[in-house]
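With this note's numbering applied, the sequence shown covers 4 to 736.
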Amino acid sequence: MEKSPGLRSISNPNQSSASIIYSSDNKVIGKYFRENRTPVTYDEISPKLIKTLIATEDVRYYQHFGIDFQGLFSAIKDMTKGRSRGASTITQQLVKNMYKTRNQYSTGFFGYIPGVKLIISKTKEWTTAVKIEMFYSKKDILTMYFNTVDFGSNAFGIHTAAKTYFNTTPAKLNYEQSATLVGLLKATTSYSPIAHPVRSMERRNVVLENLVKQKVISQHECDSLIKIPIRLNFSIEQSYDGNALHFRAYLEKYLQDWEEETGYDIFSDGLKIYVTIDSRMQEYAEQAVNKQMRIVQKKFNDHWRGQNPWQDENHKDIVNFVEDIAKKTKAYAMFSAKYKNKPDSLNYFLNKPHKTKVFDYDSGEKDLNLSIMDSIRYMNRFMHSSFVAMEPESGSVKAWVGDIDFKFWQYDKVAQSKRQPGSTFKLFDYTAAMMHGMSPCDMMTDRPVRWTYKEGVKDKTWAPRNANGYSLGYAVSLKNAFAQSINTIAVQVSQIIGIPEIIKYAHLLGIQTPLEDKPSTCLGSSDVSLLELVNSFGTVVNEGVYNEPIIITRIEDKDGNVVYEPKKVQKRVIPYEVAWLMTEMLKGGMTEPGGTSRALWSWDIFHYNTDFGGKTGTSSNHSDAWFIGVTPKLIGGAWVGGEQRCVHFRTGELGQGSRTALPIFGMFMEKVLKDESLKQYRGKFPTKPKEPISRNYSCVTHLRPDSTETDSSKIEDVVVPEDVPVSNEPPNN
Numbered sequence: 004m005e006k007s008p009g010l011r012s013i014s015n016p017n018q019s020s021a022s023i024i025y026s027s028d029n030k031v032i033g034k035y036f037r038e039n040r041t042p043v044t045y046d047e048i049s050p051k052l053i054k055t056l057i058a059t060e061d062v063r064y065y066q067h068f069g070i071d072f073q074g075l076f077s078a079i080k081d082m083t084k085g086r087s088r089g090a091s092t093i094t095q096q097l098v099k100n101m102y103k104t105r106n107q108y109s110t111g112f113f114g115y116i117p118g119v120k121l122i123i124s125k126t127k128e129w130t131t132a133v134k135i136e137m138f139y140s141k142k143d144i145l146t147m148y149f150n151t152v153d154f155g156s157n158a159f160g161i162h163t164a165a166k167t168y169f170n171t172t173p174a175k176l177n178y179e180q181s182a183t184l185v186g187l188l189k190a191t192t193s194y195s196p197i198a199h200p201v202r203s204m205e206r207r208n209v210v211l212e213n214l215v216k217q218k219v220i221s222q223h224e225c226d227s228l229i230k231i232p233i234r235l236n237f238s239i240e241q242s243y244d245g246n247a248l249h250f251r252a253y254l255e256k257y258l259q260d261w262e263e264e265t266g267y268d269i270f271s272d273g274l275k276i277y278v279t280i281d282s283r284m285q286e287y288a289e290q291a292v293n294k295q296m297r298i299v300q301k302k303f304n305d306h307w308r309g310q311n312p313w314q315d316e317n318h319k320d321i322v323n324f325v326e327d328i329a330k331k332t333k334a335y336a337m338f339s340a341k342y343k344n345k346p347d348s349l350n351y352f353l354n355k356p357h358k359t360k361v362f363d364y365d366s367g368e369k370d371l372n373l374s375i376m377d378s379i380r381y382m383n384r385f386m387h388s389s390f391v392a393m394e395p396e397s398g399s400v401k402a403w404v405g406d407i408d409f410k411f412w413q414y415d416k417v418a419q420s421k422r423q424p425g426s427t428f429k430l431f432d433y434t435a436a437m438m439h440g441m442s443p444c445d446m447m448t449d450r451p452v453r454w455t456y457k458e459g460v461k462d463k464t465w466a467p468r469n470a471n472g473y474s475l476g477y478a479v480s481l482k483n484a485f486a487q488s489i490n491t492i493a494v495q496v497s498q499i500i501g502i503p504e505i506i507k508y509a510h511l512l513g514i515q516t517p518l519e520d521k522p523s524t525c526l527g528s529s530d531v532s533l534l535e536l537v538n539s540f541g542t543v544v545n546e547g548v549y550n551e552p553i554i555i556t557r558i559e560d561k562d563g564n565v566v567y568e569p570k571k572v573q574k575r576v577i578p579y580e581v582a583w584l585m586t587e588m589l590k591g592g593m594t595e596p597g598g599t600s601r602a603l604w605s606w607d608i609f610h611y612n613t614d615f616g617g618k619t620g621t622s623s624n625h626s627d628a629w630f631i632g633v634t635p636k637l638i639g640g641a642w643v644g645g646e647q648r649c650v651h652f653r654t655g656e657l658g659q660g661s662r663t664a665l666p667i668f669g670m671f672m673e674k675v676l677k678d679e680s681l682k683q684y685r686g687k688f689p690t691k692p693k694e695p696i697s698r699n700y701s702c703v704t705h706l707r708p709d710s711t712e713t714d715s716s717k718i719e720d721v722v723v724p725e726d727v728p729v730s731n732e733p734p735n736n
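Below, the structure is given as structure tokens:
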């Protein structure tokens, strides 16, 4: 049985529309779509475009009720004389665009008989067109038409077409632009101004002549317009164009469960997704990462010049490093399947040069003639970075940079990647210590330390050392030990408290990843993500109240109804007093002699009545460099390292957190604080606690006579030491 669209289908057409992502400052930062379509209202469409469409496609549009019988009879008459021309009205074309009556509603028995099928489909188009004319005004029909029509080049609807071809809005389209777009409707491929510019120009001029025939413009105006070349500003919008690309990829995955529960589809339902990202702060973050990583990359290239950076502890190239990566590629899977049991052929094609695109800082990308193996060698010489900024009070994420480039490295290093946090993990050591009654002013001696423990049935001894290779031999406050990132004292504290307790408070503050119950965990040997690490610092700054990170404020459907709002997860996880003490510890990184955060003094961020604190971190062999910077209103965290852990600097002077990661935070905050529109992020920590504090935290560290304060920019922060065999010999410091 044949059927045509019913009243429900006409009232609620199944039309794919792009979902738009709005920043917290109400800027469009991207879209999700299968068909790139963004609906507009009638008032947002240029009257010139409307007149051009009617003059070309349906001159009696305002006189008929969906079917132009005069035009139909003229078309039949022309057919009898061997000429053919269309007679579909704008309303009928809308029917075909929205309801696909020629296939979706013509699948009965008669629908498969040649000739009969055409009659049936035309009858349904007429019937549905009349129904539409009954329920909608002429303005509504024109609006629906412009929102549904395909203009080619992945431009669905007039909003996307105007932007794709002319980088403008539908309201600003002039006659020559309107004529080009309306001319496309006859055949989007044949009259494409990109693929067939001459043919497109001829078609545009025919449309302009139609405007003369319908007395919309004069012949003189037409002659002038015809002389104007088609001036395109062409750019096909892809789903992953725009800003915050790693964030948007994360957001897509984040919403998958919600889509399954509700039935919404972010790629077709025309949703408005309002996120916490601030477009200004996102731009500043991307600029900071790009600027700093250019510097880091130059140093890295100079450091490894003439050598491969993938070397083992004996400074030998890692065997099969490139080959092992190649085995994980799609190209390897394809060639190995095609040349099964033919290793020579497989090896030939893996090493055969071909034109390929690779990342380049200056041009974004460039073409090189490289083999698959050489491409791996080229791409693994880059250092990588990530950065995220959050509001400690609300948990709202304000900036998110997942890597140095999204096109070539889509693996997100804010939430997806997990690496050794180094001495940034000491936040949890000392939080646990404060929870067990210690205070920032407690004194402890920087001395060699050993930790004997069991691994299975074996006894093992761990002998961690300070990053500089020696111990001071005298007592310092815990506040100064935290600021200087003294390993031996952090380990002594952890021996007293116990690793299970430290893990407990790490999870309470915000670490979601499972942590290993072994001594080296206290110095950051157990992998975590940058997002959960930054959020944990936020819990401390937020007076001990944990916030689950928030990335969405709300989602609206195409009619403006709110269909999603985040459930705020907020709970106190440590007492106010402990949070106050740990905030003082974080501030000590800027004020204590030898504090590893003192390199921040190099940045122009101290003229805005804002306090700072922070913690650096560097993992074993300098594979991972970190800096988490805190202010009362905003927290930012940066990571720098190789895609593969074996790719790194060989010295702390080049690879430490204060050298590589800290500058990203400094550059970011410099721009944020300077921006008057973001002055809400300026602010000082309270000088007095709002609740009584039972422990001393205001101790002042003085340099000993036999010591000199090291330039903080040269301080090498903590490196996670390797386990060493059981030995009765004293540690070599």
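The C-beta atom is built at its ideal place from N, Cα and C for all residues, glycine as well.
Please report the residue range of the beta strand (DSSP E) in which residue i lies.
i	result
K166	Careful: K166 lies outside any beta strand (DSSP E), inside the alpha helix (DSSP H) at I161 to F169.
Y456	W454 to E458
F630	D627 to V633
A190	Segment: none, A190 is in no beta strand (DSSP E) and carries neither H nor E.
I229	I229 -> not in any beta strand (DSSP E); alpha helix (DSSP H) instead, spanning Q222 to I229.
Y549	V548 to N550
So is residue i buried or exposed if we call it buried at 16+ other beta carbons inside 10 Å?
i	result
S680	exposed
D627	buried
G166	For clarity, residue 166 is Lys in the given sequence; the question names Gly instead. Buried.
F138	exposed
M437	buried
G266	exposed
I32	buried
R297	exposed
D260	exposed
DSSP state of residue i, grouped into three classes?
i	result
I667	helix
Q659	coil
S348	helix
E205	helix
H651	coil
I53	helix
R37	coil
S539	helix
W465	strand
T279	coil
G69	coil
T556	strand
Y364	coil
L235	coil
Y45	helix
V210	helix
V152	coil
Residue range of the alpha helix (DSSP H) that residue i falls in?
i	result
I638	It is not in any alpha helix (DSSP H) - I638 instead sits in the beta strand (DSSP E) that spans I638 to G645.
Y579	Y579 to T594
R685	Where R685 is concerned, there is no enclosing alpha helix (DSSP H), given that its DSSP letter is neither H nor E.
R575	R575 -> not in any alpha helix (DSSP H); beta strand (DSSP E) instead, spanning Q573 to R575.
K218	It is not in any alpha helix (DSSP H) - K218 carries neither H nor E in the DSSP assignment.
The ligand HEM and residue i: does any heavy atom of the ligand fall closer than 6 angstroms to the residue's C-beta?
i	result
G644	For the ligand HEM, the structure offers nothing, since it holds no ligand at all.
Using a Cβ-Cβ cut-off of 6 angstroms (strictly less than) and excluding sequence neighbours within five positions of residue i, which residues of its own chain qualify?
i	result
Q285	N246, A247 and A402
I57	Y64
S532	A418 and K421
A158	A164 and T167
G186	Y194, R206, R207 and V210
D315	I321
N160	As written in the sequence, residue 160 is Gly, which differs from the Asn given in the question. The answer, listed in chain order, is R40 and N150.
Leaving out the 5 sequence neighbours to the left and right, which residues in its chain are closer than 7 angstroms to residue i when beta-carbon positions are compared?
i	result
L657	K302 and H306
E213	Residue identity check: residue 213 is Asn in the sequence provided, not Glu. Taken in chain order, the residues that qualify are A58 and T59.
Going along the chain, which residues of its own chain have a beta-carbon closer than 8 angstroms to the beta-carbon of residue i, five neighbours each way excluded?
i	result
I553	T279, S397, G398, S399, V400, P569 and K571
W129	G69, I70 and Q95
K457	K463
*Unbroken alpha helix (DSSP H) runs of length 4 or more, entirely within the segment 297 to 326: which are they?*
none
*Could you give the uninterrupted runs of the alpha helix (DSSP H) lying entirely in the segment 379 to 462, keeping only those of 4 residues or more?*
429 to 438
_Minimum length 4: unbroken alpha helix (DSSP H) runs contained in the segment 480 to 525_ = 481 to 487, 490 to 500 and 502 to 512
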